[in-house]
Amino acid sequence: MEKLIVATSPHLRSTDTTHSIMRDVLIALLPATVASVVLFGFRAALMVLICVASAVIAEALFCLICKRPQTVGDLSAAVTGLLLALNLPAKTALWQCAVGSVFAIIVVKCLFGGIGCNFANPAITARIFMLISFGQVAGGSDTVFADQVAGATPLAAIKAGETAIPSLTDMLIGKHGGAIGETCAVALIIGFIYLVVRRVIHWETPVIFVGTVFLLSLIIKQDVSAAVYQVLGGGLLIGAIFMATDYVTTPINRAGKWVFALGCGIITVLIRFWGSYPEGVSFSILIMNILSPYIEKWCAKKPLGGEKNA
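This note's numbering applies: residue 11 is where the sequence shown begins, and numbers increase by one.
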């Protein structure tokens, strides 16, 4: 009994650090980043540079002014900047990229206490802020290889009843309009596989999110091809893989993650088919981010001998 050690939780610890996790996310985003430069040209590389640099500088200055320990070394600001850049169309003005990154870091992240305290995904919230503030962020951009009618994204063209839409092969490799990081499905799937193999994320959330959109689209359209376009078009893959799996703004328990992903899928379909926007991923993730604490409470397991949560 003299060797009995009593301590508070957590009793299980991991050797993973914020730095190592964010490094893996950056590596997983590398295929999509390279694809964005290949598909959209030098403009995409410049956007990535501006967004990442603005995010890192904003966090460094905030910590300096508020006399807080510097946190840019954990790479979370770099991840936020890169995710925001990949969710923007190539026609976005560079100064708007900088404003969006600063908003993500200062308003959504730092003012709420920094990493681990933000109520919503900074990149998603900043994208919606830019969508509302800057009209050109609402639409996508043509790749250097694609020449779509009026520059419409596939989802916008489908919603408008257009027949001139890219082939499914073009959808997979990214030869269509859209945000610079969302068009190449193959690159995003490679990133997903890397994150699952590295055990950075669980496969359930992206699969349930994407699967819900596919099944509901299939029920609504009664067409497998149309359902596949809903999966490959827009920001579904990048949102499901890289933002719906955010540690901070999603439930920590397994059942909660399933409910979160299911809710994201349902809201996305509702917005895409009956909303004014052809895309709904960003709004769905933000809404479920806000509901995440309640989902986590509702889905929490009852401790042995404890009472069920009210």
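Just so you know, even glycine gets a beta-carbon here, dropped at the ideal spot from N, CA and C.
When Cβ pairs closer than 8 Å are counted between the two stretches, the stretch 133-143 is seen to touch the stretch 292-312, the count reaching three or more. Contact between A88 and A55 fails: their C-beta atoms lie close to 15 Å from each other, not under 8 Å. By the C-beta criterion, the stretch 255-273 is judged not to be in contact with the stretch 95-110, since fewer than 3 inter-stretch pairs fall below 8 Å. If one requires a minimum length of 4 residues, the alpha helix (DSSP H) runs lying completely within the stretch 84-168 are 86-96, 104-112, 132-143, in chain order. Per DSSP, reduced to three states, the secondary structure at G266 is helical. According to the DSSP assignment, W213 belongs to no alpha helix (DSSP H), since it is labelled neither H nor E.
By the C-beta density criterion, Q232 is exposed, having fewer than 16 other C-beta atoms within 10 angstroms. Residue state for G188 is assigned as strand, using DSSP reduced to three classes. Leaving aside the five residues that flank N131 on each side, the residues in its chain whose CB is nearer than 7 Å to its CB run, in chain order, M253, D256, T259, I295, N299. Non-local C-beta neighbours of N128 in its own chain, meaning closer than 8 Å and more than five positions away in sequence, comprise V118, K119, F122, V258, T259, ordered along the chain.
Going by DSSP, K307 is part of the alpha helix (DSSP H) stretching over 291-308.
Between the C-alpha atoms of V279 and K77 there is a straight-line separation of about 44 Å. Fewer than three Cβ pairs drawn from the stretch 58-72 and the stretch 216-223 lie within less than 8 Å of each other, which leaves the two stretches out of contact. Within the stretch 213-251, the complete alpha helix (DSSP H) segments of 4 residues or longer fall at 214-231, 234-242, listed in chain order.
Put simply, of L36, K169, A38, V58 the residue whose alpha carbon is nearest the alpha carbon of S46 is V58. By the Cβ-count criterion, Y304 is exposed, with fewer than 16 other Cβ atoms from all chains shown falling within 10 Å of its own Cβ. According to the DSSP assignment, V47 belongs to the alpha helix (DSSP H) that extends over 28-50. Note on K185: 16 or more other CB atoms within 10 angstroms of its CB, so buried under the neighbour-count rule.
Note that the C-beta distance between L165 and G91 is not below 8 Å.
When the Cα atoms are used, G285 and A167 turn out to be separated by approximately 15 Å.
Note on L74: under 16 other CB atoms within 10 angstroms of its CB, so exposed under the neighbour-count rule.
Sorting F113, A170, M181 by C-alpha distance to the C-alpha of G245 places M181 at the top. For E192, same chain residues with a beta-carbon under 6 Å away, outside a window of 5 residues either side, are G245, I248 in chain order. DSSP, reduced to helix, strand and coil, places T259 outside both helices and strands of the structure shown, so it counts as coil.
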